[in-house]
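If you want this note's numbering, it's the position in the first sequence, counting the first as 1, plus 648. From the three backbone atoms N, C-alpha and C, an ideal C-beta is built for every residue, glycine too. One structure is given below, encoded as structure tokens.
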Amino acid sequence: MDFNALAELLFPDTTESPEDMEARFPERQLPAGANVTRIGPSPTGFVHLGNLYNALIGERIAHQSNGVFYLRIEDTDNKREVEGAVETVINAMNYFGVHFDEGAVANGGDNGSYGPYRQRQRKAIYHVFAKHLVQRGLAYPCFLTAEEIDAIREQQTANKENPGIYGKYAKCRDLSIDDVKANIEAGKEWVLRYRGTETDEYIAVEDAIRGKVEMPRNNMDFVLLKSDGIPTYHFAHVVDDHLMRSTHVIRGEEWLSSLPMHVELFGALGWKQPVYCHTATLMKIDEETGGKRKLSKRKDPELALSYYQQEGISPDAIWEFLLTILNSNYEEWRLANPSADYKDFPYSLSKMSISGALVDLDKLRNISKDVIGRMPAEDVCAGWLKWCEEYCDEFAQLIKKYPERTVAALNVGRQAAKPRKDIETWKQACDFMSFYYDETFSIKDQWPEEVDEATRKLFFSKYLESYDHSDDSSAWFDKVKVITDELGFAVKPKDFKKNPDQYKGSIVHITNMLRIALTGHANAPDIHEVSHVLGENIVRRRLEKWA
RNA sequence: GGCCCGUUGGUCAAGCGGUUAAGACACCGGCCUCUCACGCCGGUAACACCAGUUCGAUUCUGGUACGGGUCACCA
């Protein structure tokens, strides 16, 4: 068999050599120890938590080592492509603070010298290596139709053999060059297959997350180029990560089972394998079965990154949440370094969990609460406003109309040694903050039943009569105590608890009533502080209607 | 079914032959207190199972069970 003639027949337009490619994409000049990583999303228009999870690892591994983190668009399946999907990926990553040093950019362009960064634009590059493999007898054209492959699979299933094209089932392996020529002239479509070896050898790969992984060596004649000349993931991965000089390949564990094909190709092409890092799959509890299962984009809205954006969970909270899943010592580190930037955390691949983590929304909320609790009021205001501008125009307007009051309100209890943690998400902030604005204020809770209507009226008139906006906290509370006593309520809640018959109620009921009139809720921050955020006019107006 | 990966409390997880088996979230008490939140103190709760190696197994080996992944001209 004349492999050179076959290669010319298959790739007449490919004139460059592998050496040309090596020269065009030379090894990167980077400091020792610098890592090069990437994410390779396919442009389906759907970015999910798993994408971000892997992106975070890649970003940390690269930037922690002063290396390069790039974006490569894996668009080899044109059936799945959605218009504008590349922009969606870039925007989502940008929103969550993941920045690329090079790679595809919006509007079809590239940034960096190892491009193009969209696989379909790299067709000619793949063909150089495809031709090279044909010349060496390691790849061949296959004319099997989908129907023929189905029939082979059925036969294999019936015989309890492994499915696939290999060994005696690889019917096009030894076609003569005349057969190939005739088939092509007859207009038959072909794919390029790798020529697998029948073997019972095992391969071992040192995975940076899992340690040593052993698998049977590849024996399949898997597809390198599809009938449109575009490579499959397997071929594209090997060529790209070699030429783009990736040092680490971070991807989900669903790729583990195709690792033998990749190892085979790296070997056949004589290239050094990158360090593989196969991450655990994010899981959730299936409501129907009660079991753990992989997050699915159809069933689980919380898988889509857009869910977190809509809920108003801040990017920092997502980072911290993912970091706690990624490295179990993160929480400990955070406790020891409460004010440090999370990017200062020394992230380590070897500390990664191997088993699939359940996405725990409770935990996320708790982290979010802490993250917002640590922020200065100005930052909280800015973050909230930014979210509102996209998802809640009413509050965006209010924040802009009352900037000082908003910051003051957000500062209630914030500067204390143990700051309040009232806000979990930007969405919930709209609810929590609504009483600070007349436009959104309303009474939500019921008056305490210990106070009858007449007493209530009496209380508010007495309160307003003695109210002095300039009173400090203790002077203010002393006045409340006096009125409480006059109305026959216990000034100390414990007294009422001990002798419930001697009082109509306790100061708790009185202050609750006041709190409801002022904020609409029985539960709210400190009345004195809130009053000062609202200002005397609003306070009086809200109380006068009940006096 | 073949191949591969995994299995410590409800969840995330420390642990790497001898521990009273950490910690965080959630939950339940209590304290603080004008409510709530915060904070503090305390509590419930776990090494899937069976063999083997060993003076001794959560930790090592084998098997079983269960869970997950993958077996495309999808990534």
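One or two residues paired with Asn759 in a DSSP bridge: The residue given as residue 759 occupies position 111 in the first sequence. DSSP, once it has assigned bridges, lists Gly751 as partnering Asn759.
Taking the C-alpha atoms as reference points, what is the distance between Ser713 and Ala682? Within the first sequence, numbered from 1, the residue matching residue 713 stands at position 65. Within the first sequence, numbered from 1, the residue matching residue 682 stands at position 34. Distance between the alpha carbons of Ser713 and Ala682 is about 5 angstroms.
In the structure shown, what three-state DSSP assignment does Arg728 receive? Start at 1 with the first residue of the first sequence, and residue 728 comes out as number 80. Looking at Arg728 - three-state DSSP - the assignment turns out to be coil, as it is neither helix nor strand.
Identify which residue in Leu971, Ser665, Ala733, Arg676 has its Cα closest to the Cα of Ile705. Against the first sequence, residue 705 aligns to sequence position 57. Measuring from the Cα of Ile705, the nearest candidate turns out to be Leu971.
Quick check: the stretch 837-848 against the stretch 871-890, are at least 3 beta-carbon pairs closer than 8 angstroms? yes
Can you name, in chain order, every residue of its own chain whose Cβ lies under 8 angstroms from the Cβ of Ala856, other than the five neighbours on each side? Position 208 of the first sequence, counting from 1, holds the residue named residue 856. Cβ within range, chain order: His896, Val923, Tyr924, Cys925, Leu997, Ser998.
Does DSSP put Asp1174 in a helix, in a strand, or in coil? The residue you call residue 1174 lines up with position 526 of the first sequence. DSSP places Asp1174 in coil when its eight states are reduced to three.
Within this structure, are the beta carbons of Ala1025 and Ala1056 separated by less than 9 angstroms? To locate residue 1025, count along the first sequence from 1; it is residue 377. To locate residue 1056, count along the first sequence from 1; it is residue 408. Yes; because the gap between Cβ atoms is below 9 angstroms, this pair is in contact.
The beta strand (DSSP E) that contains Lys1110, what's its start and end? What you label residue 1110 is simply residue 462 of the first sequence in a count that begins at 1. Note, Lys1110: premise wrong, no beta strand (DSSP E); alpha helix (DSSP H) at 1101-1114.
On the DSSP bridge assignment, give the partners of Ile687 in chain order. For the purposes of this step, residue 687 is taken as the residue at position 39 of the first sequence. Leu719.
From what residue to what residue does the beta strand (DSSP E) around Cys820 run? For this step, residue 820 is matched to residue 172 along the first sequence. Neither: Cys820 is in no beta strand (DSSP E) and is coded neither H nor E.
For a minimum of 4 consecutive residues, which ranges assigned as the alpha helix (DSSP H) are wholly contained in the stretch 1000-1029? 1009-1022
Nonlocal neighbours in the same chain, by C-beta distance under 6 angstroms from Trp1194, ignoring five residues either side: Counted from its first residue, the first sequence places residue 1194 at position 546. Contacts found: Phe1108, Ala1165.
Please list, in chain order, all residues of the same chain as Asn1160 whose beta carbon is under 8 angstroms from its beta carbon, the five residues on each side excluded. If you number the first sequence from 1, residue 1160 lands on position 512. If we look at Asn1160 and ignore the five residues flanking it on each side, its Cβ neighbours are Pro1096, Ala1170.
Using CA coordinates, which residue listed in Pro689, Asn699, His696, Glu735 is at the minimum distance from Asp723? Stepping through the first sequence from its first residue, residue 723 is reached at position 75. Of the listed residues, the one whose Cα sits closest to Asp723 is Pro689.
In whole angstroms, give me the CA-to-CA distance for Glu901 and Tyr990. Residue numbering aside, residue 901 sits at position 253 when the first sequence is read from its first letter. Residue numbering aside, residue 990 sits at position 342 when the first sequence is read from its first letter. C-alpha separation (whole angstroms): 26 angstroms.
How is Cys790 classed by DSSP in three states: helix, strand or coil? In the first sequence, counting from the first residue as 1, residue 790 sits at position 142. It is a strand residue.
Buried or exposed: Val853, going by 16 or more other Cβ atoms within 10 Å of its Cβ? Counting from one through the first sequence, the residue named residue 853 turns up at place 205. With 16 or more other Cβ atoms within 10 Å, it is buried.
Give, in chain order, every unbroken run of the beta strand (DSSP E) that is at least 3 residues long and sits entirely within the stretch 818-850. 839-842
Identify every residue that forms a DSSP beta bridge with Pro986. Here the question's residue 986 lines up with position 338 in the first sequence. Paired residue(s): none; Pro986 is not in a bridge.
State buried or exposed for Leu1046, treating a residue as buried only when at least 16 other CB atoms are found within 10 Å of its CB. For the purposes of this step, residue 1046 is identified with residue 398 of the first sequence, where counting begins at 1. Buried, because 16 or more other Cβ atoms sit within 10 Å of the Cβ of Leu1046.
Just to check my reading of the structure: Val1019 and Leu1058 have Cβ atoms closer than 8 angstroms, yes? What is that Cβ distance to the nearest angstrom? For this step, residue 1019 is matched to residue 371 along the first sequence. For this step, residue 1058 is matched to residue 410 along the first sequence. About 14 angstroms; that fails the 8 angstroms criterion.
Val897 by DSSP, collapsed to three states: which one? Taking the first residue of the first sequence as 1, we reach residue 897 at position 249. Three-state result, Val897: strand.
His1169, enclosing alpha helix (DSSP H) - first and last residue: Within the first sequence, residue 1169 is the residue found at index 521, counting from 1. Unbroken run through His1169: none, as it is neither H nor E.
The alpha helix (DSSP H) with Lys1127 in it runs from where to where? Within the first sequence, residue 1127 is the residue found at index 479, counting from 1. Counting along the chain, the alpha helix (DSSP H) containing Lys1127 begins and ends at 1121-1134.
Which runs of the alpha helix (DSSP H) fall wholly inside the stretch 1028-1102 and span at least 4 residues, in chain order? 1041-1049, 1051-1059, 1074-1081
Going by beta carbon distance, what residues of the same chain come within less than 7 angstroms of Phe1080, once the five residues before and after it are set aside? Walking along the first sequence from the start, residue 1080 turns up at place 432. Contacts found: Asp1070, Ile1071.
Please state if the CB of Leu658 and the CB of Pro789 are separated by a distance shorter than 9 angstroms. Start at 1 with the first residue of the first sequence, and residue 789 comes out as number 141. Start at 1 with the first residue of the first sequence, and residue 658 comes out as number 10. Yes; because the gap between Cβ atoms is below 9 angstroms, this pair is in contact.
Straight-line Cα distance separating Ala754 from Gly732: By one-based count along the first sequence, residue 732 stands at place 84. By one-based count along the first sequence, residue 754 stands at place 106. Whole-angstrom Cα-Cα distance: 9 angstroms.
Rounded to whole angstroms, what is the Cα-Cα separation between Tyr718 and Glu675? Walking along the first sequence from the start, residue 718 turns up at place 70. Walking along the first sequence from the start, residue 675 turns up at place 27. Going from the Cα of Tyr718 to the Cα of Glu675 covers about 15 angstroms.
Assuming Pro986 and Gly1061 are in contact, meaning their beta carbons sit under 8 angstroms apart, how far apart are those beta carbons, in whole angstroms? By one-based count along the first sequence, residue 986 stands at place 338. By one-based count along the first sequence, residue 1061 stands at place 413. Not quite, the Cβ-Cβ distance comes to about 17 angstroms (not below 8 angstroms), so this is no contact.
Gly693 versus Val737: straight-line alpha-carbon distance, rounded: Sequence index remark: in the first sequence, residue 693 carries index 45 (1-based). Sequence index remark: in the first sequence, residue 737 carries index 89 (1-based). Spanning the two alpha carbons is a distance of roughly 7 angstroms.
Cut-off 7 angstroms between Cβ atoms - residues of its own chain near Ala653, not counting five sequence neighbours on either side: Within the first sequence, the letter at position 5 stands for residue 653. Excluding sequence neighbours, Ala653 sits near Ile825.
As a quick exercise: from Arg1188, Pro666, Met1000, Tyr762, pick the residue whose alpha carbon is nearest that of Lys1110. Translated into the one-based positions of the first sequence, residue 1110 becomes position 462. Among Arg1188, Pro666, Met1000, Tyr762, the Cα nearest to that of Lys1110 belongs to Arg1188.
Nearest residue (CA-CA) to Arg893, options Gly715, Trp1032, Ile1158: For the purposes of this step, residue 893 is identified with residue 245 of the first sequence, where counting begins at 1. When each option's Cα is compared against that of Arg893, the closest is Gly715.
Do Leu891 and Met669 have their beta-carbon atoms positioned less than 9 angstroms apart in this structure? Reading the first sequence from its first residue, position 21 is the one you call residue 669. Reading the first sequence from its first residue, position 243 is the one you call residue 891. In this structure, Leu891 lies closer than 9 angstroms to Met669 by Cβ.
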